[in-house]
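S.K.:
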Amino acid sequence: MSATDWTVILAAVLAIAAVNWWFFVAGQSPAAAVVAESGGPAEVVITVDGGYSPAVVQVRKGERVRLVFDRKDTSSCSEEVVIPAFDVRQFLPSGERTVIEIQPTEAGRFPFTCGMSMLRGSIIVDG
Ligand SMILES: [Cu+2]
Numbered sequence: 092m093s094a095t096d097w098t099v100i101l102a103a104v105l106a107i108a109a110v111n112w113w114f115f116v117a118g119q120s121p122a123a124a125v126v127a128e129s130g131g132p133a134e135v136v137i138t139v140d141g142g143y144s145p146a147v148v149q150v151r152k153g154e155r156v157r158l159v160f161d162r163k164d165t166s167s168c169s170e171e172v173v174i175p176a177f178d179v180r181q182f183l184p185s186g187e188r189t190v191i192e193i194q195p196t197e198a199g200r201f202p203f204t205c206g207m208s209m210l211r212g213s214i215i216v217d218g
């Protein structure tokens with residue numbers, strides 16, 4: 092192969108790597124809870140459908156936040172959500188939105204899982 096061929100291959104590999112990197116980083120970036128226009132507690136909607144989306148949510152220390160679990164699937168795996176740091180074990184009816192309100196008092200990263208610890212997500216509390 093000529094030098095030109097290698098240049099083309101290298102450019103293609105770099106382009107693919109760049110796209111993968113972008114998706115990976117975008118997929119990892121946490122969704123921040125947004126303060127409602129009504130001035131109520133900050134809120135973040137987490138879709139439950141074979142996993143949590145977004146899987147990482149970012150909230151603020153000392154502020155009440157509504158975690159709205161919007162369960163789309165019917166798998167028994169996802170029927171319960173557990174947030175050990177906040178003493179939460181909550182049943183999530185399929186096809187419904189279930190609101191879990193928390194008020195973090197400590198900064199850190201706190202996991203939430205399904206009842207069997209198979210589906211995983213985390214709450215990042217900013218100090
Ligand atoms: Cu499960």
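With the sequence shown counted from 1, adding 91 to any position gets you this note's numbering.
The beta-carbon is built from N, C-alpha and C at its ideal position, and this holds for glycine as well.
When the Cα atoms are used, what is the spatial distance from A122 to A133?
M.R.: Straight-line Cα distance between these residues: approximately 12 Å.
S.K.: Please classify L158: does DSSP put it in a helix, a strand, or coil?
M.R.: L158 falls in the strand class under three-state DSSP.
S.K.: Relative to the alpha-carbon of K152, which residue among C205, T189 and Q194 has its alpha-carbon at the smallest distance?
M.R.: Cα-wise, what sits closest to K152 is Q194.
S.K.: Which residues, in chain order, sit with a beta-carbon under 5 Å away from any heavy atom of ligand 1?
M.R.: Those residues are C168, C205, M207 and M209, given in chain order.
S.K.: Tell me the rounded alpha-carbon separation between A124 and V159.
M.R.: Each residue's alpha carbon lies about 10 Å from the other.
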